[in-house]
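Asks: Residue 27 in the working numbering sits at position 27 of the sequence shown; the count goes up by one each step and never skips.
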Amino acid sequence: MLEYCQTEYRCLERPVGRFQPHMVRLWDDLFALCAKYGLRVLLTPFDTYWMGRRWRHHPYQQAQGGPGTTRAQWLRCPQMRAAIKNRLSFAAERWGGTGVLFAWDLWNELPPAKATHHATGLAEFIQDVSQHLRTVETRCFGRAHLQTVSVFGPILKAHPELGDLVFRHPDLDFATSHFYDATTISRPQNALDPALQTAELVRQILVQLPANRPFFDSEHGPLDTFKSGRQLPEAFDDEYFRCMQWAHLAAGGVGGGLRWPYRDPHVLTHGMRAAQQSLAGFVKLLSWAQFQRHNLTKQVRLSTTAVSCVACGDAHQAIVWLVRPDALITRSGNQRAMAALTVQFWLPGLQPGPYHVCIWDTKTGRIRDQLVVQADKQQLTVLVRLLEVDVAHSTLLNFRA
Numbered sequence: 001m002l003e004y005c006q007t008e009y010r011c012l013e014r015p016v017g018r019f020q021p022h023m024v025r026l027w028d029d030l031f032a033l034c035a036k037y038g039l040r041v042l043l044t045p046f047d048t049y050w051m052g053r054r055w056r057h058h059p060y061q062q063a064q065g066g067p068g069t070t071r072a073q074w075l076r077c078p079q080m081r082a083a084i085k086n087r088l089s090f091a092a093e094r095w096g097g098t099g100v101l102f103a104w105d106l107w108n109e110l111p112p113a114k115a116t117h118h119a120t121g122l123a124e125f126i127q128d129v130s131q132h133l134r135t136v137e138t139r140c141f142g143r144a145h146l147q148t149v150s151v152f153g154p155i156l157k158a159h160p161e162l163g164d165l166v167f168r169h170p171d172l173d174f175a176t177s178h179f180y181d182a183t184t185i186s187r188p189q190n191a192l193d194p195a196l197q198t199a200e201l202v203r204q205i206l207v208q209l210p211a212n213r214p215f216f217d218s219e220h221g222p223l224d225t226f227k228s229g230r231q232l233p234e235a236f237d238d239e240y241f242r243c244m245q246w247a248h249l250a251a252g253g254v255g256g257g258l259r260w261p262y263r264d265p266h267v268l269t270h271g272m273r274a275a276q277q278s279l280a281g282f283v284k285l286l287s288w289a290q291f292q293r294h295n296l297t298k299q300v301r302l303s304t305t306a307v308s309c310v311a312c313g314d315a316h317q318a319i320v321w322l323v324r325p326d327a328l329i330t331r332s333g334n335q336r337a338m339a340a341l342t343v344q345f346w347l348p349g350l351q352p353g354p355y356h357v358c359i360w361d362t363k364t365g366r367i368r369d370q371l372v373v374q375a376d377k378q379q380l381t382v383l384v385r386l387l388e389v390d391v392a393h394s395t396l397l398n399f400r401a
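1) Considering Glu-200, what are the terminal residues of the beta strand (DSSP E) in which it resides?
2) Do the segment 221-230 and the segment 269-284 touch if we need at least three Cβ pairs shorter than 8 angstroms?
3) Put Ser-228 into one of helix, strand or coil per three-state DSSP.
4) Pull up the distance between the alpha-carbon of Ile-359 and that of Gln-370, whole angstroms please.
5) Counting beta carbon pairs with one atom in the segment 259-266 and one in the segment 288-299, are three or more of them shorter than 8 angstroms?
6) Leaving out the 5 sequence neighbours to the left and right, which residues in its chain are closer than 6 angstroms to Val-254 when beta-carbon positions are compared?
7) Could you tell me how far apart the beta carbons of Leu-156 and Leu-162 are, in whole angstroms, since I believe they sit closer than 8 angstroms?
8) Would you say Gly-365 reaches chain D, if we count a Cβ-Cβ gap shorter than 8 angstroms as a contact?
9) Taking Leu-12 and Gln-6 to be in contact with their CB atoms under 8 angstroms, please state how far apart those CB atoms are, rounded to whole angstroms.
10) How about Ala-175 and Glu-239: do their beta carbons lie closer than 8 angstroms?
11) Rounded C-beta distance between Ala-2 and Leu-43? I'm assuming under 8 angstroms.
12) For Arg-203, count neighbouring Cβ atoms within 10 angstroms of its own Cβ and tell me buried if that reaches 16, exposed if not.
13) Less than 6 angstroms between C-beta atoms, sequence neighbours within five positions excluded: which residues of the same chain meet that for Asp-181?
14) Could you tell me the boundaries of the beta strand (DSSP E) in which Val-373 lies?
15) Among the candidates Gly-66, Cys-140, Pro-170 and Lys-85, whose CA atom is the shortest distance from the CA of Leu-209?
16) Which whole-angstrom value is the C-beta distance of Val-310 and Phe-345, which I expect to be below 8 angstroms?
17) Tell me the rounded alpha-carbon separation between Ile-319 and Phe-125.
18) Give the straight-line distance between the Cα atoms of Cys-411 and Gly-365, rounded to the nearest whole angstrom.
19) Hey, out of Arg-54, Gly-271, Val-384 and Gly-333, whose CA is closest to Thr-304's CA?
20) Along the chain, where does the beta strand (DSSP E) that runs through Asp-29 open and close?
21) In the structure shown, what three-state DSSP assignment does Phe-291 receive?
22) Check Tyr-355 in the structure and name its three-state DSSP category.
23) Between which two residues does the alpha helix (DSSP H) harbouring Glu-234 extend?
24) DSSP has Gly-68 in a bridge; who is on the other side?
25) Where do the ends of the alpha helix (DSSP H) carrying Leu-279 lie?
26) I'd like to confirm the pairing. Which residues does DSSP put opposite Thr-176 in its beta bridges?
27) Just to confirm my understanding: we take Ala-35, look at its own chain, exclude 5 residues before and 5 after, and list those with CB closer than 8 angstroms. What are they?
28) Assign Val-391 to one of three DSSP states: helix, strand, or coil.
29) State the start and end residues of the unbroken beta strand (DSSP E) segment that holds Phe-46.
30) Taking buried to mean at least 16 other C-beta atoms within 10 Å of its own C-beta, is Glu-8 buried or exposed?
31) Between Leu-75 and Asn-212, what straight-line distance do the alpha-carbon atoms span, to the nearest angstrom?
32) From what residue to what residue does the beta strand (DSSP E) around Trp-321 run?
33) Run the CB neighbour count on Pro-15, radius 10 Å, all protein chains shown included, and call it buried at 16 or more, exposed below.
34) Alpha carbon to alpha carbon, how far is Phe-179 from Pro-154? Give it in angstroms, no decimals.
35) Could you give the distance in angstroms between the alpha-carbon of Ala-247 and the alpha-carbon of Glu-200?
36) Since I believe Glu-109 is in contact with Val-41 (beta carbons under 8 angstroms), could you give me their beta-carbon distance rounded to a whole number of angstroms?
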């Protein structure tokens, strides 16, 4: 977010159209650090939560010399729209050529209150801002970065018309949502239920997308737990995080999703970074240019109910995440010693032939075993002997013909 306006000195512009040197310098430094360490940024112009909470203090508010008088004007007022486009133009021209910018989120959590009566206006906002930004970047760099618009996931049930905008708008390149399921993700009681809910949400969204449009969850975390003044124990939070990211990937999402820390200090833990490193190692095993995957979770059969599964694949490759619920770290930090467990599963959809199976230990970030398995016309059958006491309780399998 180009600004977090909880306090006055954090606004990027003051007054509107005048970019504050100390904030510009902060972003110059941040982009330089990202370039140094190989990080990429998904950039959105405003922290819309604090912008709404402290609207009367914001430089875009009419009383502060800005173009807007009410929150309802943010996306529909021509003068407000011009200010938004000017901010994006400034950011694109200054930082778009750094190699750090990955994509634009044109608006953080598109406002559902205006969807019922002004869905057309929201679509026009996306079209106007998207095409403006593409024009600016094409002029500066000869190409444009990817674009999306995010949505607060839980409101999609009440406002399904938002799906046409965030998932299927023709000017957008990929889809994203913020996963805050109230009973699992926002208030986790164990590490598995939030992960399985994440996998189900990814599955539901994938079937709504145009062909070849990628999806990933760009914000999730224990929102309600943190708002109640509690912080998850670190060992449990690491487990929760790790399961969430593998479920997201194995369900067909891009990467592991983006965690909003909801910790004090407001950063990911070392355990979460280690989990990201493990996933980054695993994805190198797949041929992504040829991987036209779809969700297969409901099609996979398991030999035991003691293991849960999330899967995706195409005719040539697949990802299967196996997790043993009774071996996960609890909220109290306990992890029981478990007897060895052998699991067989049957995966349909692959073309007949031999497949190289890599069994990946998600906790250590290493291949634990490799085997060659023959798929017949009906399915691929794999026997996994890795769910033991002294190794990771979850296993990723990658198949390549």
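Beta carbons: idealized from backbone N, C-alpha and C, even for Gly. Just so we're clear, the structure is a prediction, and the values are computed from it rather than from any experiment.
Replies: The structure says:
1) Annotation for Glu-200: no beta strand (DSSP E) segment contains it, though the alpha helix (DSSP H) segment containing it runs 192-206.
2) In this structure the segment 221-230 does not touch the segment 269-284; the number of beta carbon pairs closer than 8 angstroms is below three.
3) In this structure, Ser-228 counts as coil in the three-state DSSP scheme.
4) Going from the Cα of Ile-359 to the Cα of Gln-370 covers about 6 angstroms.
5) Cβ pair count under 8 angstroms is below three, so no.
6) Pro-214 and Phe-216, listed in sequence order.
7) With a Cβ gap of about 6 angstroms, Leu-156 and Leu-162 count as contacting.
8) Checking the listed chains, one finds no chain D in this structure; it contains a single protein chain.
9) Contact between Leu-12 and Gln-6 fails: their C-beta atoms lie close to 13 angstroms from each other, not under 8 angstroms.
10) Cβ distance not < 8 angstroms, so Ala-175 and Glu-239 don't count as in contact.
11) The residue asked about is misnamed: residue 2 is Leu in this sequence, not Ala. Right, their Cβ atoms sit about 7 angstroms apart.
12) That one is buried.
13) Close CB contacts of Asp-181 within its chain, under the 6 angstroms cut and outside five residues either way in sequence, are with Gln-197 (chain order).
14) Residues 366-375.
15) Here the closest residue by C-alpha is Pro-170.
16) Phe-345 and Val-310 do not touch by the CB rule: their CB atoms are close to 12 angstroms apart, not below 8 angstroms.
17) In this structure, the straight-line span from the alpha carbon of Ile-319 to that of Phe-125 is close to 38 angstroms.
18) Examination of residue 411 is not possible in this model, given that the chain is present from 1 through 401 alone.
19) Ranking the options by Cα distance to Thr-304, first place goes to Val-384.
20) It is not in any beta strand (DSSP E) - Asp-29 instead sits in the alpha helix (DSSP H) that spans 21-37.
21) Per DSSP, reduced to three states, the secondary structure at Phe-291 is coil, with no helix or strand assignment.
22) Note: Tyr-355 maps to strand in three-state DSSP.
23) For Glu-234, the enclosing alpha helix (DSSP H) begins and ends at 234-250.
24) Answer is Gln-61, bridged to Gly-68.
25) Here the alpha helix (DSSP H) through Leu-279 covers 270-282.
26) For Thr-176, DSSP records a beta bridge to Phe-216.
27) So the qualifying residues of the chain are Thr-98, Gly-99 and Val-100.
28) Confidence is the limiting factor: at Val-391 the pLDDT is only 36, short of 50, which leaves the residue's position unreliable and the question unanswerable from this model.
29) Careful: Phe-46 lies outside any beta strand (DSSP E) and carries neither H nor E.
30) Exposed, since its Cβ has fewer than 16 Cβ neighbours within 10 Å.
31) Cα atoms of Leu-75 and Asn-212: separation of roughly 29 angstroms, rounded to the nearest angstrom.
32) Segment 317-323, the beta strand (DSSP E) holding Trp-321.
33) It counts as exposed.
34) Pro-154 and Phe-179 have their C-alpha atoms some 7 angstroms from each other.
35) Separation of Ala-247 and Glu-200 (C-alpha to C-alpha, rounded to the nearest whole angstrom) is 9 angstroms.
36) Incorrect: roughly 18 angstroms between the Cβ atoms, too far for contact.
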